[in-house]
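Input: a single structure, listed below in structure tokens.
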Amino acid sequence: ALKRFNLMNQITYDKVMEQAGTNQVLIFVHARKETAKTARALRDMAMDNDELGKFVKDDEAIREILRTEAEECKNADLKDLLPNGFAIHHAGMQRKDRTLVEELFADGSIQVLVCTATLAWGVNLPAHAVII
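Residue numbers for the sequence shown follow the working numbering, so the first one is 1237 and each next one is one higher.
And the structure:
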């Protein structure tokens, strides 16, 4: 199972890197726990490859917004991921955190959003690429 998880993450990472720095990406996963695991794996791969800078626009204002908003998050995974331009979204999160993620993605501050199908229910967030 771990081998499959790693392979799926590598394939997803390769697809995300095709868009990195230019377009936002939505990644849908099957379960709540998978949102953080997948987002963290992608962020860690970007760190290992020295490509993390591609996921936060070269704009100090956006960097500061992400850092400040991360401090206010109740969800520990979101708090960890947000400063790097990655976010998660699922029904198990507090409404305030979900709304924050939706707003930050809508205004272009978040480059990669890993979510469950919950996001597709009544939320209009256009993205250049969607990975399922």
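Using N, Cα and C, we set each Cβ at its ideal position, and we do this for glycine too.
Look up residue i in the DSSP assignment and give the residues it is bridged to.
i, result
"residue 1348", "1261, 1322"
"residue 1367", "1263"
Once the 5 residues before and after residue i are set aside, which same chain residues still bring their CB inside 7 Å of it?
i, result
"residue 1249", "1278, 1281"
"residue 1320", "1279, 1288, 1291, 1292"
"residue 1326", "1268, 1271, 1351, 1352, 1354"
Go through its chain and collect everything with a Cβ distance to residue i's Cβ below 6 Å, but skip five positions before and after it.
i, result
"residue 1257", "1290"
"residue 1329", "1311"
For residue i, count neighbouring C-beta atoms within 10 Å of its own C-beta (all shown protein chains included) and say buried if the count is 16 or more, exposed if not.
i, result
"residue 1283", "exposed"
"residue 1246", "exposed"
"residue 1305", "buried"
Give every residue of the same chain whose Cβ lies closer than 8 Å to the Cβ of residue i, excluding the five residues on either side of it in the sequence, and list them in chain order.
i, result
"residue 1323", "1275, 1314, 1317, 1337, 1340, 1341, 1346, 1348, 1349, 1350"
Practice problem: Taking only runs that begin and end inside the stretch 1266 to 1310, name each unbroken alpha helix (DSSP H) of 4 or more residues, in chain order. | Solution: Within the stretch 1266 to 1310, the runs of alpha helix (DSSP H) at least 4 residues long that lie entirely inside it are, in chain order, 1268 to 1284, 1296 to 1308.
query = Is it a yes or a no for the stretch 1261 to 1268 touching the stretch 1293 to 1300, going by three-plus beta-carbon pairs under 8 Å?
reply = Result no; under three Cβ-Cβ pairs closer than 8 Å.
Self-check item: Cβ pair count under 8 Å reaching 3, the stretch 1308 to 1326 against the stretch 1272 to 1291
Solution: Yes: at least three Cβ pairs fall under 8 Å.
Can you confirm whether the stretch 1285 to 1295 touches the stretch 1326 to 1339 when touching is taken to mean that 3 or more C-beta pairs between the two stretches lie within less than 8 Å? They do not touch, by the three-pair rule.
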